[in-house]
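Residue numbers (my numbering), protein chains in the order written: chain A, 1 to 150; chain B, 1001 to 1150.
Beta carbons: idealized from backbone N, C-alpha and C, even for Gly.
Here the structure is a predicted model, which means the values were calculated and not measured.
Here the structure comes first, spelled out in structure tokens, and everything after it is commentary.
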DNA sequence: TAGGCTAATTACCTGAGCTAACTTTCATAT
DNA sequence: ATATGAAAGTTAGCTCAGGTAATTAGCCTA
């Protein structure tokens, strides 16, 4: 059986991880402001829409773990930018279906190239083994959040 | 010699890492709102002050990679909460020196226990080896940001 | 000692999260 | 058939945390 990790170590790791994430997230936000015109939040939502195909605002809010009014605002912004389309939901008159359009796809492709450049340029300075560590960390972070059911 | 990591892999890793960080950061912010009374940003600054001893607002802004007015506001908040003290800088009349006080140290200790609980409780469900991966990832994220000199 | 640089602050803008309250629509129970 | 309750979306209004521009006060140097 695997050795138990002492709680003090876990707290320490948690604390360091938290600070690293907060600061990196801030750096990402700043980077975004300069280049692309879309914030990390907006980019994440656009990517979610792209992955989902046709999706309701509520579902998006659930995916992004954000409350519905927040998603309403973000979608309004993406729509203003002309990156998404909305059609009425034929199955539910209260709802609408959101989809990415051609401009959105292009923007997303460009963003993936340019905006990941911030992290990618830094990843490029690391060993392949360190990149692998970060890649696995990304999966772990996502998995850690999965069993939240609030 | 180590195999070169192809750029497409780097972009992919960068993209996944970015989304994971953005979403985790959001989860942390929500968690913070409930419990402790201090946001992740405020916590990070208080921890920075604690590490630094006596430090000027400008230096803190540099450490946290934030503009000075932003730091002014955050410090005002920490001061209102009675967690830090300011003394005039004997060497420079324009500046002041910031230090954590006893209440700040206590709060920080409590925060480290309580606020890391969010991450710690999730870390607890992972294998020790996975925790180790995240621990190394935290170091790597910090190192990656270090060579920014804008 | 005049002029320019730097530290800090103030005022104001934006984005992104939240809750509360409202409208419209759906589903259901009577 | 209709009344009631739940759910989707929005609107309004709050907060925090970032930013820029402009101001004030102090430092330094030619």
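Of the other Cβ atoms in all chains shown, fewer than 16 fall within 10 Å of the Cβ of residue 1121 (chain B); this residue is therefore exposed. Where residue 138 (chain A) is concerned, the enclosing alpha helix (DSSP H) starts and stops at 128-146. Spanning the alpha carbons of residue 1102 (chain B) and residue 70 (chain A) requires a straight line of approximately 38 angstroms. At a C-beta separation below 9 angstroms, residue 108 (chain A) has no neighbours in chain B, since its nearest C-beta there lies roughly 10 angstroms away. Within the DSSP bridge table, the entry for residue 1086 (chain B) names B:1098 as partners.
Between the region 1036-1053 of chain B and the region 62-76 of chain A there are fewer than three C-beta pairs closer than 8 angstroms, too few to call the two in contact.
Unbroken beta strand (DSSP E) stretches of 3 residues or longer found wholly inside the region 1004-1031 of chain B: none. Chain-order list of chain A residues neighbouring residue 1074 (chain B): empty, with the shortest C-beta distance near 12 angstroms, by a criterion of under 7 angstroms. By the Cβ neighbour-count rule, residue 27 (chain A) is buried, with 16 or more other Cβ atoms within 10 Å of its own. Segment contact: the region 1125-1138 of chain B against the region 134-146 of chain A, three or more CB-CB distances shorter than 8 angstroms; contact assigned. A buried status is given to residue 18 (chain A), since no fewer than 16 other beta-carbon atoms sit within 10 Å of its beta-carbon. Taking 8 angstroms as the cut-off between beta carbons, the residues of the region 47-73 of chain A near chain B are 47, 64, 65 and 66, in sequence order.
Apart from sequence neighbours up to five positions away, no residue of its chain approaches residue 145 (chain A) with a beta-carbon distance below 6 angstroms. Just measuring C-alpha positions, the residue of A:24, A:105 and A:89 sitting nearest residue 1014 (chain B) is A:24.
Inclusion of residue 1053 (chain B) and residue 1084 (chain B) in the CB contact set at 9 angstroms is not warranted, their separation being larger than that value.
In the assembly as shown, residue 114 (chain A) is an exposed residue. Its beta-carbon has fewer than 16 other beta-carbons within 10 Å.
Per DSSP, reduced to three states, the secondary structure at residue 66 (chain A) is coil, with no helix or strand assignment. With distances taken between CA atoms, residue 143 (chain A) lies nearest to B:1123 out of B:1080, B:1089, B:1123 and B:1075. Closer than 9 angstroms at the C-beta level to chain A, one finds these residues of the region 1009-1027 of chain B: 1009, 1010, 1011, 1012, 1013, 1014, 1015, 1016, 1017, 1018, 1019, 1020, 1021, 1022, 1023, 1024, 1025, 1026 and 1027.
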